[in-house]
Structures are given as C-alpha cells and as structure tokens.
Ligand SMILES: [Zn+2]
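Numbering (our numbering), first residue to last: -12 to 117.
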C-alpha cells in the first residue's frame, strides 16, 4: 500500500491542455464502479480527468495519456465524435510506444518545449529586437 500511496502522490494534479486546465482526480474502487468500471474518464464541462487509483506504471501512463488525448480532441475540435474513441486509443497506444522506446527523444521534446527554449528559438530566428 505504501508503494501505491507513493505512486499516487507522484501523479500530476493538473494538466494544461490548450486554454483548459484539467484537474487530475484519482478514483477509488467505489467511484470506478459508479463510472461504469472505466479506468479513466475525461469530463470537459468540469475540466476533470479521472483515473483509477489502482493503476501503476505503463497502464497508468497509457490511461492518463488516453484521457489527455480526449481533452485534446475536445479543445482542438478534432472531429467527429463517432471516430473519437478509436482515434484516441490508436494514437495513445502509438505515443506510449514512441515515448517508451525513445527516452532521449522525450527528454529533448520536453526540454525544447519549455518557454525559455521557445524564447531562445524565436530570438535565434528573428533576433531579440535589439
Ligand atoms: Zn476513451
């Protein structure tokens, strides 16, 4: 149980998706049952992503990323809702493989997406106005 508590405490509590900030809520077993036994859900109206608290490791990453993809689908109005579940599942599973198989790529992306690096890149391309 201590390992699970430690794992749950390391979950991000909020994830920014475009103009929205989604709160990440860990569901206990009762909440999960009331949610149709789903591992996760994404509530766009309340901006809450719910994840089952019994998940860990790759399953937790995949489920949280899956719900973030639903948020992206919503925030950027990607398209037809009938295709959403299949599209989200396929892209998430692919992203989990790419992230897991390319840790250097993931680190490089994260580093270069930081606001500081973005400012550096803009300065390098267009000068800093001085
Ligand atoms: Zn889904």
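Every residue gets a Cβ at the ideal spot worked out from N, C-alpha and C, and that includes glycine.
Quantities reported herein were computed from a predicted structural model and do not represent experimental measurements.
Query                                                                                                                                      : Result
With which residues is residue 29 paired in a DSSP beta bridge?                                                                            : 36
On the CB-based measure, 16 or more other CB atoms within 10 Å of its CB, does residue 109 come out buried or exposed?                     : exposed
I need the straight-line Cα distance from residue 55 to residue 36, nearest angstrom please.                                               : 8 Å
What I want to know is whether the C-beta of residue 53 ends up closer than 8 Å to one or more non-hydrogen atoms of ligand 1.             : yes
Under 9 Å, do residue 6 and residue 62 count as touching if we go by C-beta distance?                                                      : yes
Where DSSP assigns a beta bridge to residue 104, which residues make up the other side?                                                    : Answer is none; residue 104 lacks a bridge partner.
What's the gap between the Cα of residue 9 and the Cα of residue -1?                                                                       : 10 Å
Once you ignore the five residues that flank residue 26 on each side, which residues in its own chain have a CB closer than 6 Å to its CB? : 39, 50
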